[in-house]
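FYI, in our numbering the residues of the sequence shown are 2 to 184.
See below for the structure under consideration.
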Amino acid sequence: MAIGQPQSASRRGQDATRLLPWLQERNKTFARMPQEVLAELFGHAEVRRYSRGAAIQEQGQPATHAYVVTEGTVTIRVKRTGIIRELFSYEPGEVAGLLAFVDQQMALYEIYSSTNSEVIRIDTRRLAQLRAAFHPMAMSVLDAFMPMLVEHLRELDKRCVKLAARKNASIHGSGQKFRRDDR
Numbered sequence: 002m003a004i005g006q007p008q009s010a011s012r013r014g015q016d017a018t019r020l021l022p023w024l025q026e027r028n029k030t031f032a033r034m035p036q037e038v039l040a041e042l043f044g045h046a047e048v049r050r051y052s053r054g055a056a057i058q059e060q061g062q063p064a065t066h067a068y069v070v071t072e073g074t075v076t077i078r079v080k081r082t083g084i085i086r087e088l089f090s091y092e093p094g095e096v097a098g099l100l101a102f103v104d105q106q107m108a109l110y111e112i113y114s115s116t117n118s119e120v121i122r123i124d125t126r127r128l129a130q131l132r133a134a135f136h137p138m139a140m141s142v143l144d145a146f147m148p149m150l151v152e153h154l155r156e157l158d159k160r161c162v163k164l165a166a167r168k169n170a171s172i173h174g175s176g177q178k179f180r181r182d183d184r
């Protein structure tokens, strides 16, 4: 599937910084960030609209952007051996693709628009350059996003434990619960 193109070009070139007051009301992470950090993050960001089912970021492509949902629902899913698993869905005010703030390796998942959606596409490559130089602004961004990222990782861990329990039960037929110390 090709990366989805914006549904409508009318808002694509829109200045993402004008959405900051709304975003700061919806998401405490952005409310806590200093104005100069927000200006750096959103100054080069772009607003994009996607139609339902459009790929925003493909699995296996470099994860160079994070996506702040402003309308609709965006979902992360993994495709492995013909099986598709949806992991998370994000609503307005939430951020998909958080790992791009930390690491720009190949994406292990696809981000797609599960409804007609609008996102602010934040290019995280500049932040990576600042982080490599130990620039204080990069450190401020990482400090702000770490609690959100940790929460996502905890949720992913819970889901992995549940999947392993189902897999264990289907293999052994025991019906017993999977315990963390069984790993």
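Backbone N, C-alpha and C fix where the C-beta goes; we use that ideal spot for every residue, glycine too.
Taking DSSP's pairing of strands, which residues face residue i in a bridge?
i    : result
F89  : I77
R122 : E47 and Y68
M147 : According to DSSP, M147 bridges with nothing at all.
What three-state label does DSSP hand residue i in the structure shown?
i    : result
T18  : helix
M138 : helix
R12  : Low confidence applies to R12: its pLDDT is 46, below 50, so where it sits in the model is not reliable, and the reading given next is rough at best. If DSSP states are grouped into helix, strand and coil, R12 belongs with coil.
Q6   : With a pLDDT of 45 at Q6, under the threshold of 50, the predicted position of this residue should be treated as unreliable, and no value is reported.
A129 : helix
Answer yes or no: the CB of residue i versus the heavy atoms of the ligand MG, is any distance below 7 Å?
i   : result
L99 : The ligand content of the structure shown is nil, which means the ligand MG is not present either.
What first and last residue would you give for the beta strand (DSSP E) that runs through residue i?
i    : result
A101 : From DSSP, A101 is part of no beta strand (DSSP E); its letter is neither H nor E.
A56  : A56 to Q58
E111 : E111 to S114
Tell me where the alpha helix (DSSP H) around residue i begins and ends.
i   : result
A32 : K29 to R33
Since residue i and residue j should fall inside the 8 Å C-beta cutoff, what is the C-beta to C-beta distance between them, to a whole number of angstroms?
i    : j   : result
M149 : T74 : Incorrect: roughly 18 Å between the Cβ atoms, too far for contact.
Is the stretch 108–120 touching the stretch 76–94 in the sense that three or more CB pairs, one from each, lie closer than 8 Å? The stretch 76–94, when compared against the stretch 108–120, does touch it at the 8 Å Cβ threshold.
Stretch pair the stretch 37–56 + the stretch 17–25: three plus CB contacts closer than 8 Å: yes
Tell me, please, whether the stretch 81–96 touches the stretch 127–139 by the rule of three or more beta-carbon pairs shorter than 8 Å. no
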